[in-house]
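First up is the structure itself, then whatever we jot down about it.
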Ligand code: PHE
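In my numbering, the protein residues as written are 16 to 474.
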């Protein structure tokens, strides 16, 4: 790391990512998570397969990519947490910082349920190692999953394990915590994923699963399904709620932002497809239902590995992989409120981590217990787990996406946009920026608005 120039009032240099590989590992670590391995397969399964996938792809290109680039760009320019970034960059007294504040709220809602899914994943590593879950019988697989999620003590205990783990890493800081950990874990994740994908493709009956994933049936595509696909794009690329702004603030000045975003998007898509390829062949080969919902991963994956040599080992590896993916993503979610609290309120990082974890333990417990003690706490027919999931992906993040693109393209304006994304003219990407600015100004915000209103049944 370079030393700040000596001066009488030297502030300690702000922590940040130290290399391009570190930037990529951390950002990809944020994007790739349970969104790819758990949510993407079950939503694709529940919404008809390839048709859903196609809508998701369009949303990723026209909505998610421009939002991600805008967000990283703003954070890198202001070099501050998600609230301060918008306070600094907005014209005086305009309340654009509310986007950052909503982001903090979204971060809490997401971590509350996400840490519980991660809790199941961590628990499954041990169940797999003990040989408890290796079965191709759908009834038995569902039964062992149900017994875990309806056990209040196990649900809470595993959630706390997860929260303490990510709290500990966040406490170590940005370069020594987030960057160092994701640099080790991400390469491992890719190796594991390829090994498991190949194994699943060689199952007898794999082709029915591939057909489901790649042959579109458009009759299933309703406005609500389109909103779900768009919400998934927001969720998977960690955008619309301040994460990418916060990580962008740790980017170095010479990083090529559009290229990094494109790389992260492609790699994230690749991971989702591999997860789909690992899961759907097994669904069809063993007679599971693709519509199983959130439990899909936990009941089908054991079947992929049952009856094969070293199946138990592969099963343990798979849940290790999912745990790795979940960890990188949770780090980036927790960093949002922690950085806002420590930078805006001037409290130490340690105190910010402790306070946020304590809050999360409370809010998260409502989700952890939503299949047992708090199951009857419902709103609009959804328990806390489903409600937090729905509201964050389908309302808060898309609204954040509208706010960010409108701010960038209408308030901040073209010259700054061009200056920021070409690194002060050092990158010759003028043509790309022309297209990107047009999409960010017109296509993305209007598309999000239309999909949201239609999907929520406003017209
Ligand atoms: N992108 C992460 C995943 O796919 C989830 C996430 C959402 C991370 C929002 C950060 C912010 O699992």
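For every residue, glycine included, the Cβ atom is placed at its ideal position computed from N, Cα and C.
Suppose you measure from the CA of residue i to the CA of residue j; what does that come to, to the nearest Å?
i           : j           : result
residue 443 : residue 114 : 31 Å
residue 69  : residue 100 : 34 Å
residue 447 : residue 77  : 14 Å
residue 31  : residue 383 : 33 Å
residue 466 : residue 248 : 13 Å
residue 195 : residue 364 : 18 Å
residue 425 : residue 456 : 7 Å
residue 201 : residue 287 : 15 Å
residue 423 : residue 41  : 24 Å
residue 308 : residue 174 : 21 Å
residue 36  : residue 237 : 40 Å
residue 413 : residue 323 : 43 Å
residue 328 : residue 431 : 53 Å
residue 102 : residue 110 : 8 Å
residue 119 : residue 350 : 10 Å
residue 88  : residue 318 : 44 Å
residue 433 : residue 450 : 11 Å
residue 62  : residue 291 : 14 Å
residue 398 : residue 440 : 51 Å
residue 427 : residue 470 : 30 Å
Quick check on the DSSP output: the alpha helix (DSSP H) that includes residue i runs from which residue to which?
i           : result
residue 327 : 326-359
residue 441 : First-last for residue 441: undefined, no H or E at that position.
residue 283 : 272-300
residue 121 : 113-144
residue 531 : Because the chain spans 16 through 474 in this model, residue 531 falls outside it and cannot be assessed.
residue 261 : 258-263
residue 364 : 364-383
Quick one: using the 10 Å Cβ neighbour count with 16 as the cut-off for buried, is residue i buried or exposed?
i           : result
residue 342 : buried
residue 23  : With a pLDDT of only 49 at residue 23, under 50, the local geometry of the prediction cannot be trusted, and the value read off the model is given with reservation. Residue 23 should be labelled exposed.
residue 112 : buried
residue 142 : buried
residue 209 : exposed
residue 170 : buried
residue 220 : exposed
residue 394 : exposed
residue 97  : buried
residue 53  : buried
residue 269 : exposed
residue 276 : buried
Do the CB positions of residue i and residue j come within less than 8 Å of each other?
i           : j           : result
residue 416 : residue 255 : yes
residue 178 : residue 253 : no
residue 43  : residue 282 : yes
residue 321 : residue 217 : no
residue 153 : residue 303 : yes
residue 453 : residue 429 : no
residue 149 : residue 326 : yes
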